[in-house]
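Enquirer: In our numbering, the protein residues as written are -13 to 698.
Here a beta-carbon is modelled for each residue, glycine too, at the ideal position from N, C-alpha and C.
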């Protein structure tokens, strides 16, 4: 072991040229070689050796040798697992030597806390069996070697038999899918534009698939260059009910994408960084998972070719980059369903990706103009004066907004007594060639005495309930109780506790909910009982659809600790608080359009996605025009129906810079109509900052100045 014997079996040739072997390549080496000793017999030979190791190809290249033809030699070497090759075996923050060794992993602390102290020291116990190759792909069983199985019980016990399916969909796209073949599991219900059957492309394919049988691994190589763009022959693969993990080597350091989180640079830093993905009401901040869920990345290879990878999964997840370079996915449910796009240019990668998930929505021409908004307009007179002041100052002003201020007690589909002049104002500014957009939140007040939206919602059975019951899962958001005087001097949390109404959350997967939502929006637009109060909006702005709550879970608490605090909690900003932090209890029961029940645990990150298409359809049904929807929460394919703003940013110079990164990332994600709140949402904006931000914002596809009450 760890040696190479070069022996002369027959020598009947006298070499007149003193031929020598000066370099060797040793194949199949699984770890980096740190030193080599060359022996001739028992005598050590002194050579100026240079050793290089290609971890992707598992090849060691040795130069500086002087091995004479016709003589026997022995090469012996020492191997060392570089810290860059350590794959984290215990990614939770409470790792200890005892817990690590219980998993059968190695423990060695380092001075750098980002480098895992607990790491895999053995290969994955899964292996391939019953392989079947066809012109359209490969199928195989993925079996757990029970003798080598790692520790795990209950929801983290590895599943013994899995299924691997590889499909060659197009010459530039393939899919590989790993799932439990014996027990149905939740799969993402987002429709994709896939060929009806894999295409027999033969030598036209841009990729070559390689499968490592034991231990299991998948390798995808670019045919034209030989570059390996995916290599999961690594020790991390595991598949259990509530913890699934897979790693791949990366072909370069040039990786872009994943979201939604504030990234300090467009290109990812691969020096031991972990990013969580789980939608929540979180303003931009470093390492804080935010409004959207985008499990897609693009990579540039060393020769400039590009490829992209989508993991179609919607459970709480994190991804870890390490300087190997490598990437590890960890998700808390569902299956592994990967789509790989071969490009080979960045533009072609995005084209291929949006061909799969859907092309970005075409916004109306007017929505490319300058838009103005704030949270905190006191009444419609303030908006009217603002419109007049903008016109008098000669500032182009294409679209005006109203935030939740226009609603009565911030209740959807109502009109405040302070905004009774809003219908006439909208008609006036539209007569001047402007457009108007209003906001809608998903949560519906359940404490009203005469509130048709809630009553009809009950009739249509649209609200998320507790499992196997008729009990609506109530939380609290913006809507205040009727007939109370709100003391705005109290802390926000106290106001919510004292004054906020119970809020029910529509299940937008259900066809009945989409119909109900369209009806309520149409009634706001036309107001058949009082046409003078109709709001002739041109676009809709949907907010708080992560979904967001001002309570953790529900008014009367969550009842399934396993789902709200899963065995592995991804690296989220609310890691210690559980998945129901500032959102719904994850045991909430929802239903897909075909009636299939699903847990909110699995579809939480699809909530905003599920609201977007019905909202655009409702808008177009009401206005009979193209219109535009802007959504806060997104998932792959959200761009088919809506644009996106980058959330509640701050009036700070670094936020101006990072807005460019955010827009470039959402362009990768197929959501082209994107922008940040110009001049910042929170805090007062300096004159110079706001000036420069207005100049930059003129080039945002979605150009809107928006801030919160009490700021300027």
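1) Using only the alpha-carbon positions, how far apart do residue 556 and residue 76 sit?
2) Can residue 568 and residue 560 be called in contact, C-beta distance under 9 Å?
3) Which residue's Cα is closest to the Cα of residue 219: 697, 356 and 200?
4) Identify which residue in 296, 656, 5 and 586 has its Cα closest to the Cα of residue 699.
5) Express the C-alpha separation of residue 440 and residue 407 in angstroms, rounding to a whole number.
6) With DSSP as the reference, please indicate the residues paired to residue 583 in a beta bridge.
7) Alpha carbon to alpha carbon, how far is residue 48 from residue 38? Give it in angstroms, no decimals.
8) Run the CB neighbour count on residue -5, radius 10 Å, all protein chains shown included, and call it buried at 16 or more, exposed below.
9) Per the DSSP calculation, residue 451 is bridged to which residue(s)?
10) Does the segment 291 to 299 come close enough to the segment 53 to 60 to have 3 or more Cβ pairs within less than 8 Å?
11) Enumerate in chain order the residues of its own chain whose CB-to-CB distance from residue 13 is below 6 Å, with the five nearest sequence positions on each side excluded.
12) For the segment 487 to 506 and the segment 435 to 449, state whether three or more C-beta atom pairs, one from each stretch, are separated by less than 8 Å.
13) Is it right to say residue 597 is buried, meaning 16 or more other beta carbons lie within 10 angstroms of its own, or is it exposed?
14) On the criterion of 16 or more Cβ atoms from any shown chain inside 10 Å, does residue 516 qualify as buried, or is it exposed?
15) Can you give the Cα-Cα distance for residue 375 and residue 512, rounded to whole angstroms?
16) Under the three-state reduction of DSSP, which class applies to residue 633: helix, strand or coil?
17) With DSSP as the reference, label residue 331 as helix, strand or coil.
18) Look up residue 663 in the DSSP assignment and say whether it is helix, strand or coil.
19) Helix, strand or coil: which one does DSSP assign to residue 680?
20) One question on the structure: do residue 65 and residue 101 come within less than 9 Å of each other, judged by their Cβ atoms?
21) I'd like to know whether the C-beta atoms of residue 392 and residue 363 end up nearer to each other than 9 Å.
22) With a floor of 3 residues, list each beta strand (DSSP E) that falls wholly inside the segment 368 to 442, ordered by position along the chain.
23) So, using beta-carbon positions, are residue 316 and residue 306 closer together than 9 Å?
24) Under the three-state reduction of DSSP, which class applies to residue 151: helix, strand or coil?
25) Using DSSP with H/G/I as helix, E/B as strand and the rest coil, what is residue 0?
26) Does the pairing of the segment 426 to 446 with the segment 397 to 407 give three or more beta-carbon distances under 8 Å?
27) Could you tell me which uninterrupted beta strand (DSSP E) segments, each at least 3 residues in length, are contained entirely in the segment 213 to 282, listed from first to last along the chain?
28) Given a cut-off of 9 Å, decide if residue 70 and residue 309 are closer than it, judged by their beta-carbon atoms.
29) How far does the beta strand (DSSP E) with residue 527 in it extend, from its first residue to its last?
30) Going by CA-CA distance only, name the one from 674, 696, 659 and 669 that's closest to residue 690.
31) Exposed or buried, residue 381, counting other C-beta atoms within 10 Å across all chains shown (16 or more means buried)?
32) Report the rounded CA-to-CA distance for residue 171 versus residue 321, giving the unit in angstroms.
33) Would you kindly report the start and end of the unbroken beta strand (DSSP E) that includes residue 353?
34) What do you get for residue 587, buried or exposed, if any count of 16 or more other CB atoms within 10 angstroms of its CB means buried?
35) Tell me the DSSP secondary structure of residue 555 in three-state form.
36) Write down every uninterrupted run of the alpha helix (DSSP H) in the segment 107 to 151 whose length is 4 residues or greater and which is fully enclosed by it, in chain order.
Expert: Quick look at the numbers:
1) Roughly 12 Å separates the two Cα atoms.
2) It is a contact, given that the beta carbons lie within the stated cut-off.
3) Taking the Cα of residue 219 as reference, the smallest distance to any Cα among 697, 356 and 200 is reached at 200.
4) Since the first residue shown for the chain is -13 and the last is 698, residue 699 is missing from the structure and cannot be characterised.
5) Rounded to whole angstroms, the gap between the alpha carbons of residue 407 and residue 440 is 25 Å.
6) In the DSSP assignment, residue 583 is bridged to 577.
7) Pairing residue 38 with residue 48, the inter-Cα distance amounts to about 7 Å.
8) Taking a 10 Å sphere around the C-beta of residue -5, we find fewer than 16 other C-beta atoms and assign the residue as exposed.
9) Answer is 458 and 575, bridged to residue 451.
10) Verdict: no, contact absent.
11) Around residue 13, the same chain offers 45 as residues with beta carbons nearer than 6 Å, after the five sequence neighbours per side are excluded.
12) Yes, since at least three Cβ pairs between the segment 487 to 506 and the segment 435 to 449 fall closer than 8 Å, the two stretches touch.
13) Residue 597 comes out buried.
14) Residue 516 comes out exposed.
15) For residue 375 and residue 512, the distance between alpha carbons rounds to 29 Å.
16) Reduced to three states, the DSSP call for residue 633 is coil.
17) In this structure, residue 331 counts as coil in the three-state DSSP scheme.
18) Note: residue 663 maps to strand in three-state DSSP.
19) Residue 680 falls in the helix class under three-state DSSP.
20) Cβ atoms of residue 65 and residue 101: not closer than 9 Å.
21) If you check the CB distance, residue 392 and residue 363 come in under 9 Å.
22) For the segment 368 to 442, whole beta strand (DSSP E) runs of length 3 or above, ordered along the chain, are 385 to 388 and 421 to 426.
23) The criterion of a C-beta distance shorter than 9 Å is satisfied by residue 316 and residue 306.
24) Three-state DSSP puts residue 151 in a strand.
25) The answer is coil: DSSP assigns residue 0 none of H, G, I, E or B.
26) The way I'd put it, the segment 426 to 446 does touch the segment 397 to 407; three or more beta-carbon pairs between them come closer than 8 Å.
27) The qualifying runs are 214 to 217, 230 to 235, 240 to 247 and 259 to 263.
28) Cβ distance < 9 Å, so residue 309 and residue 70 count as in contact.
29) Bounds of the beta strand (DSSP E) holding residue 527 are 525 to 528.
30) Restricting attention to 674, 696, 659 and 669, the CA atom closest to the CA of residue 690 is found in 659.
31) By the neighbour-count criterion, in which a residue is buried when 16 or more other Cβ atoms sit within 10 angstroms of its Cβ, residue 381 is exposed.
32) Distance between the alpha carbons of residue 171 and residue 321 is about 7 Å.
33) Neither: residue 353 is in no beta strand (DSSP E) and is coded neither H nor E.
34) Around the beta-carbon of residue 587, 16 or more other beta-carbon atoms lie within 10 Å, marking it buried.
35) When secondary structure is reduced to three states using DSSP, residue 555 falls in the coil class, being assigned neither helix nor strand.
36) The segment 107 to 151 is shown to contain no whole alpha helix (DSSP H) run of 4 or more residues.
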